[in-house]
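The structure under discussion appears below in the form of structure tokens.
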Amino acid sequence: MGSLDLTGSGNIYRWFAAAVLLLALPLGFAIARSPLLASAMLAVALVGVACAVWPRFEVLMLGAYLLLQDPIQILVGGDTPAALAFKRADEFIILAVAAVALLGFATRKTLAHRHVLLTMIACVLPMLVSTAIQGRHWLPAGIDLVLVCKPFLLFVIGASIALDETHLEPLVRRLCWILTAILSLAFIFLAFPELQYQYLGSLDRVEERMGLRAAQGWFIGTSSYAWLAVATFCFSYASYLSYRRPAHLVQAVFSALCVTLTWRRKSMLAVAVILLLPLFVSRVRQTRWRVVLLGGLAIIVLSTLLAPYVSALTKQTVDEYGSDDPFATGRSALYYTSGRIAWDHFPLGTGLASFGSHASRMYYSDVYHQYGLSKMYGLSQASPYFIADTYWPMLLGQGGVISALAFFILLSIIGVVAARHLMRSGRDLWMPLVVLLLVAGSLVESVASHFYGSSLQAATVFVVAGLYWRERATR
59 MGSLDLTGSG NIYRWFAAAV LLLALPLGFA IARSPLLASA MLAVALVGVA CAVWPRFEVL
119 MLGAYLLLQD PIQILVGGDT PAALAFKRAD EFIILAVAAV ALLGFATRKT LAHRHVLLTM
179 IACVLPMLVS TAIQGRHWLP AGIDLVLVCK PFLLFVIGAS IALDETHLEP LVRRLCWILT
239 AILSLAFIFL AFPELQYQYL GSLDRVEERM GLRAAQGWFI GTSSYAWLAV ATFCFSYASY
299 LSYRRPAHLV QAVFSALCVT LTWRRKSMLA VAVILLLPLF VSRVRQTRWR VVLLGGLAII
359 VLSTLLAPYV SALTKQTVDE YGSDDPFATG RSALYYTSGR IAWDHFPLGT GLASFGSHAS
419 RMYYSDVYHQ YGLSKMYGLS QASPYFIADT YWPMLLGQGG VISALAFFIL LSIIGVVAAR
479 HLMRSGRDLW MPLVVLLLVA GSLVESVASH FYGSSLQAAT VFVVAGLYWR ERATR
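Dropping the structure here:
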């Protein structure tokens with residue numbers, strides 16, 4: 059497999075000319091019969107040429123697809139069958155790109171580094187065994203298996219990229235500006251709310267929190283936008299500490315503001331954890347002073363900005379998480395029930411497509427009837443809206459203690475290796491720093507969301523982690 063090459067190849071024009079000549083006749087016929095078919099053929103030709111010319115073009119296309127997944131779904135038709143098919147194609151695309159990535163010897167070697175592959179197998183194997191024991195149907199189990207393996211497949215994709223460190227800073231600089239530009243679109247919708255309604259059309263999912271419109275940009279919900287803002291904060295904050303460029307500080311402050319305007323508490327908490335984390339791993343005195351000053355500035359700004367809403371935020375948090383009744387909310391019921399399942403079916407859980415996953419919602423699992431969740435709003439067969447609302451209960455319920463512990467160990471291994479790399483180097487190296495920040499932020503986010511099951515969210519963590527792991531494995 060080739061290394062990541064953003065400059066292209068000198069043969070691109072010859073490839074393009076050959077593709078156009080070969081497609082001239084069928085394209086002419088298609089244009090006469092169907093402009094839509096002609097457009098599709100031309101798009102396939104261009105993508106094929108690019109894949110042949112740029113060694114890792116499929117990875118760049120995957121990133122573009124994940125960022126544009128929501129807006130293209132809306133443009134295609136929102137909730138039409140074609141739009142939903144495009145939206146749900148992400149798992150198959152990730153599976154295909156990961157299969158290609160595994161052809162590379164260096165990728166397979168990377169997976170053996172620090173026993174990462176064994177940890178992944180330890181996470182999935184209990185689910186497969188319990189699925190066979192419980193006699194689950196193969197179709198929902200197969201769908202769920204792909205979803206469960208998604209973080210590992212994304213790690214494989216990242217591990218297939220050999221990145222030249224001399225080109226890292228320019229690449230990071232472009233990435234930060236691109237992400238900042240995407241985040242800035244939310245301010246247009248906040249300033250002109252009618253544009254947001256026109257854009258979403260039949261979906262009409264403009265979110266409000268505490269009576270305030272939440273920033274969501276071109277995404278259908280606030281969760282994707284909020285995490286993209288958190289990830290942008292990780293990239294730009296790590297860049298500021300590593301490269302000392304004022305532009306990265308501006309990007310970090312801007313992305314933190316975007317997180318605040320989503321009014322999502324766990325995302326704001328993730329930014330706070332990320333902001334303070336370098337205090338404990340950096341060996342550079344100037345970095346520690348910068349973190350202290352930025353932390354103090356953030357406290358002053360956020361306390362001023364959030365002061366009118368502190369009571370509302372506190373009340374909302376207490377209402378959601380402060381009840382003694384484990385069945386007070388769908389999320390708390392999932393956590394409580396997953397613990398019961400892990401105890402009753404120790405140590406393997408109830409198997410794939412049985413609890414807390416999309417497949418268990420599509421093919422409504424009998425486990426919800428067994429544990430009395432089928433009568434709760436949001437968890438019943440008639441209203442299964444909250445079933446896939448959390449990630450850790452899904453792991454604990456379907457794979458038992460072994461799967462949940464193995465996944466946590468995987469994240470811990472990645473985070474600990476990155477932290478030790480920073481402390482031993484004595485410098486604020488961008489790659490280990492951003493990996494550590496992303497892992498820490500994702501852990502905070504995953505407490506109350508199906509974080510690692512979402513393609514965009516999981517990709518920002520595991521593709522970057524895989525890229526870093528390859529760099530460590532090949533040293």
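Using this note's numbering, read the sequence shown as starting at 59 and increasing by one per residue. We put the CB at the ideal spot given by N, CA and C, even for glycine.
DSSP places K167 in the uninterrupted alpha helix (DSSP H) bounded by F163 to A170. The shortest C-alpha to C-alpha distance from P451 to any of S297, L392 and V174 is the one to L392. Following the DSSP letters along the chain, one finds S504 inside the alpha helix (DSSP H) bounded by residues W488 to S504. The beta carbons of A141 and K324 sit about 29 Å from each other, so the pair does not count as a contact at 8 Å.
Just so you know, the alpha carbons of Q131 and F144 end up roughly 7 Å apart. Here L410 carries a coil assignment [DSSP, helix/strand/coil].
Out of I215, L203, G136 and V206, the CA that lies nearest to the CA of F163 is found in I215. Of all C-beta pairs linking the region 489-497 to the region 461-475, three or more are shorter than 8 Å, placing the two stretches in contact. Around the beta-carbon of A199, 16 or more other beta-carbon atoms lie within 10 Å, marking it buried. Judged by beta-carbon spacing, S294 lies within the 7 Å limit of C234, meaning their Cβ atoms are closer than that value. The beta carbons of F509 and C181 sit no closer together than 7 Å.
Note on geometry: alpha-carbon atoms of F404 and A249 lie some 53 Å from one another. Contact between T387 and Y429 does not hold, since their C-beta atoms are separated by about 16 Å, which reaches or exceeds 8 Å.
Separation of A516 and Y283 (C-alpha to C-alpha, rounded to the nearest whole angstrom) is 14 Å. When DSSP states are grouped into helix, strand and coil, L351 belongs to the helix group. With a beta-carbon spacing of about 5 Å, F277 and D128 fall inside the 8 Å limit used to define contacts.
Distance check between L120 and each of L487, H306, I152 and G135 places I152 closest, using alpha-carbon atoms only.
L337 and L453 have their C-alpha atoms spaced approximately 32 Å apart.
Selection G499, F444 and S441 evaluated against L469 yields G499 as nearest (Cα-Cα).
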